[in-house]
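**Q**
2 protein chains.
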Amino acid sequence: MKKFEEKTVRSERIYEGKIINLKVDDVTLPNGKETKRELVEHPGAVAVIALTDDRRIVMVEQYRKALERSIVEIPAGKLEPDEKPEICARRELEEETGYTAEKLSHVQSFSTSPGFADEVIHLYAAEGLSKTSEGATEEDEFVELIEVTFEEAEKMMEDGRIYDAKTAFAVLWAKAEWSK
Amino acid sequence: MKKFEEKTVRSERIYEGKIINLKVDDVTLPNGKETKRELVEHPGAVAVIALTDDRRIVMVEQYRKALERSIVEIPAGKLEPDEKPEICARRELEEETGYTAEKLSHVQSFSTSPGFADEVIHLYAAEGLSKTSEGATEEDEFVELIEVTFEEAEKMMEDGRIYDAKTAFAVLWAKAEWSK
Numbered sequence: 000m001k002k003f004e005e006k007t008v009r010s011e012r013i014y015e016g017k018i019i020n021l022k023v024d025d026v027t028l029p030n031g032k033e034t035k036r037e038l039v040e041h042p043g044a045v046a047v048i049a050l051t052d053d054r055r056i057v058m059v060e061q062y063r064k065a066l067e068r069s070i071v072e073i074p075a076g077k078l079e080p081d082e083k084p085e086i087c088a089r090r091e092l093e094e095e096t097g098y099t100a101e102k103l104s105h106v107q108s109f110s111t112s113p114g115f116a117d118e119v120i121h122l123y124a125a126e127g128l129s130k131t132s133e134g135a136t137e138e139d140e141f142v143e144l145i146e147v148t149f150e151e152a153e154k155m156m157e158d159g160r161i162y163d164a165k166t167a168f169a170v171l172w173a174k175a176e177w178s179k
Numbered sequence: 000m001k002k003f004e005e006k007t008v009r010s011e012r013i014y015e016g017k018i019i020n021l022k023v024d025d026v027t028l029p030n031g032k033e034t035k036r037e038l039v040e041h042p043g044a045v046a047v048i049a050l051t052d053d054r055r056i057v058m059v060e061q062y063r064k065a066l067e068r069s070i071v072e073i074p075a076g077k078l079e080p081d082e083k084p085e086i087c088a089r090r091e092l093e094e095e096t097g098y099t100a101e102k103l104s105h106v107q108s109f110s111t112s113p114g115f116a117d118e119v120i121h122l123y124a125a126e127g128l129s130k131t132s133e134g135a136t137e138e139d140e141f142v143e144l145i146e147v148t149f150e151e152a153e154k155m156m157e158d159g160r161i162y163d164a165k166t167a168f169a170v171l172w173a174k175a176e177w178s179k
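From first to last, the protein sequence lines stand for chains U and H.
Under numbering that gives the first Met the number 0, the first residue of the first sequence is numbered 0, with each subsequent residue one higher.
Under numbering that gives the first Met the number 0, the first residue of the second sequence is numbered 0, with each subsequent residue one higher.
1) Would a C-beta distance cut-off of 9 Å place residue 73(H) and residue 113(U) closer than the cut-off?
2) Taking only beta-carbon atoms, is residue 160(H) less than 9 Å away from chain U?
3) Which residue wins for smallest C-alpha separation from residue 62(H), given the options 15(U), 68(U), 5(U), 35(U)?
4) By the 10 Å Cβ neighbour count, where 16 or more other Cβ atoms means buried, how is residue 111(H) classified, buried or exposed?
5) Determine the burial state of residue 185(U): buried for a count of at least 16 other Cβ atoms within 10 Å of its Cβ, exposed for fewer.
6) Does the CB of residue 14(H) have a neighbour CB from chain U at under 9 Å?
7) Please report the straight-line C-alpha distance between residue 120(U) and residue 56(U), rounded to a whole angstrom.
8) Who are the neighbours of residue 39(H) on chain U, taking C-beta pairs under 7 Å?
9) DSSP three-state call for residue 52(H): helix, strand or coil?
10) Thinking C-alpha only, which one of 93(H), 115(H), 59(H) is nearest residue 20(H)?
11) Check whether chain H comes within 9 Å of residue 27(U), counting only Cβ atoms and requiring the distance to be less than that.
12) For a contact defined as C-beta to C-beta under 7 Å, what are the partners of residue 62(U) on chain H?
13) Which residue marks the beginning of the alpha helix (DSSP H) containing residue 167(U), and which one marks its end?
14) Residues of chain H with CB under 7 Å from residue 112(U), in chain order?
15) Please report whether the beta-carbon of residue 205(H) lies at a distance below 9 Å from any beta-carbon of chain U.
16) Quick check on residue 104(U) - is its C-beta less than 9 Å from some C-beta in chain H?
17) Examine chain U for any beta-carbon lying closer than 9 Å to the beta-carbon of residue 171(H), and answer yes or no.
18) Keeping to the same chain, check which residues put their C-beta closer than 7 Å to that of residue 164(U); ignore five residues upstream and five downstream.
19) For residue 54(U), I'd like the list of residues in its chain whose CB is within less than 8 Å of its CB, leaving aside the five on either flank, ordered along the chain.
20) Is any beta-carbon of chain H found at less than 9 Å from that of residue 70(U)?
21) Within the 9 Å Cβ cut-off, does residue 57(H) reach chain U?
22) Quick one: residues in its chain with C-beta nearer than 6 Å to the C-beta of residue 102(H), no 5 flanking neighbours on either side, listed in chain order?
23) Between which two residues does the beta strand (DSSP E) containing residue 95(H) stretch?
24) With DSSP run on the structure shown, which of helix, strand or coil describes residue 44(U)?
Structure (structure tokens):
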């Protein structure tokens with residue numbers, strides 16, 4: 000797992016923000032040459048593929064400033080410092096959708112942009128949902144709950160309303176695992 | 000697609016780099032309050048799910064400084080200015096693996112980290128592969144070619160050698176589409 004390792008020679012912190020930091024590292028390549036790596040630090044996140052009793056996938060629509068439009072995604076959120084991913088998954092599911100889950104299981108963890116960011120998303124599947132609240136999103140968080148069939152989710156991937164990697168993965172996974 | 004739109008009030012450029020830029024925008028939320036959005040600009044990328052005639056998926060192993068380890072991914076690369084994604088997909092496939100493809104088709108495009116980055120990956124499927132060279136990776140690019148069966152790819156997702164969103168999506172997609 001250290002094949003072609005790049006050792007850090009110098010590291011310069013460019014920016015420390017609310018959610019991300021940016022640093023630029025000078026690294027030594029396997030051939031001895033030096034190059035620069037621009038690296039975004041992110042706390043990591045969780046996302047939840049939640050199935051309702053009537054076999055719909057729970058989604059949220061929200062505006063994504065980076066894309067300058069709103070998209071439909073599975074519920075997700077950033078890890079708090081020292082927070083266990085499973086705890087975070089339950090918290091974010093309830094905050095964004097008002098659902099609690101009887102059964103929560105880890106599906107996959109993956110890096111979103113390994114070329115420039117250390118963000119890892121821990122993906123969980125949630126079943127046995129109960130509506131315990133109307134959802135209590137954080138102040139200044141604007142999301143709208145949508146529950147979609149597998150067929151509607153696939154159409155949304157085609158028309159671009161679903162447009163992010165974790166949700167695209169989730170739709171394929173749900174179809175493979177839950178349509179058997 | 001503009002639901003909950005956040006209008007930019009001010010935009011500050013923090014960093015302009017080789018691959019990414021960073022800006023911080025002050026935006027107006029739907030309730031009229033202001034907040035900050037930290038936004039990474041990226042040129043976008045392509046990735047290729049390539050199937051060999053003996054039904055293996057073409058992968059490359061490379062070191063990812065952001066993760067401080069090497070991982071196994073489908074071939075991918077950044078878009079050059081004004082480059083069409085399909086042209087880029089053919090170029091990156093040949094550069095990284097030495098393969099050209101008789102048939103190339105668009106699978107899906109998705110944002111990798113919509114919370115903080117505008118990077119979009121255009122994913123293609125390649126079939127009818129011919130080895131035309133040994134691969135001519137760019138100078139100072141270190142990648143190792145690996146060809147894996149669908150079962151080996153799934154094991155690599157379990158043990159974490161495959162660890163990024165585009166490749167995780169690709170493995171599920173290949174199994175769903177090419178194992179029928």
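Note that the Cβ used here is the ideal one computed from N, Cα and C, for glycine as well.
This one's a predicted model, so the numbers in the text were calculated from it and none came from an experiment.
**A** With the structure as the only source:
1) The answer is no: Cβ separation not under 9 Å.
2) For residue 160(H), the answer is yes, since a Cβ of chain U falls inside 9 Å of its Cβ.
3) Out of 15(U), 68(U), 5(U), 35(U), 5(U) has the C-alpha closest to the C-alpha of residue 62(H).
4) Around the beta carbon of residue 111(H), 16 or more other beta carbons sit within 10 angstroms, so the residue counts as buried.
5) Because residue 185(U) is not part of the residues shown, which for chain U are 0 to 179, the question remains open.
6) By this cut-off, residue 14(H) is an interface position.
7) In a straight line, the C-alpha of residue 120(U) is about 19 Å away from that of residue 56(U).
8) Neighbours of residue 39(H) on chain U, chain order: 39.
9) Residue 52(H): coil per DSSP, three-state reduction.
10) Check the Cα spacing between residue 20(H) and each of 93(H), 115(H), 59(H): the tightest is with 115(H).
11) For residue 27(U), the answer is no, since every Cβ of chain H falls outside 9 Å of its Cβ.
12) The contacting residues are 2, 3, 4, 5.
13) Residue 167(U): member of the alpha helix (DSSP H) spanning 164–177, first to last residue.
14) Around residue 112(U), the beta-carbon contacts reaching into chain H at under 7 Å are 111, 112, 116, 118.
15) Any property of residue 205(H) remains undetermined from this structure, which presents chain H solely from 0 to 179.
16) No, residue 104(U) does not count as interfacial toward chain H.
17) Between residue 171(H) and chain U, the shortest Cβ-Cβ separation is below 9 Å.
18) So the qualifying residues of the chain are 111.
19) The answer, listed in chain order, is 148, 149, 177.
20) It does; some Cβ of chain H falls within 9 Å.
21) Chain U contact via Cβ: absent.
22) For residue 102(H), where only same-chain residues beyond five positions count, the Cβ hits under 6 Å are 126, 127.
23) Element bounds for residue 95(H): not the beta strand (DSSP E) but the alpha helix (DSSP H), 84–96.
24) Residue state, collapsed to three classes: strand.
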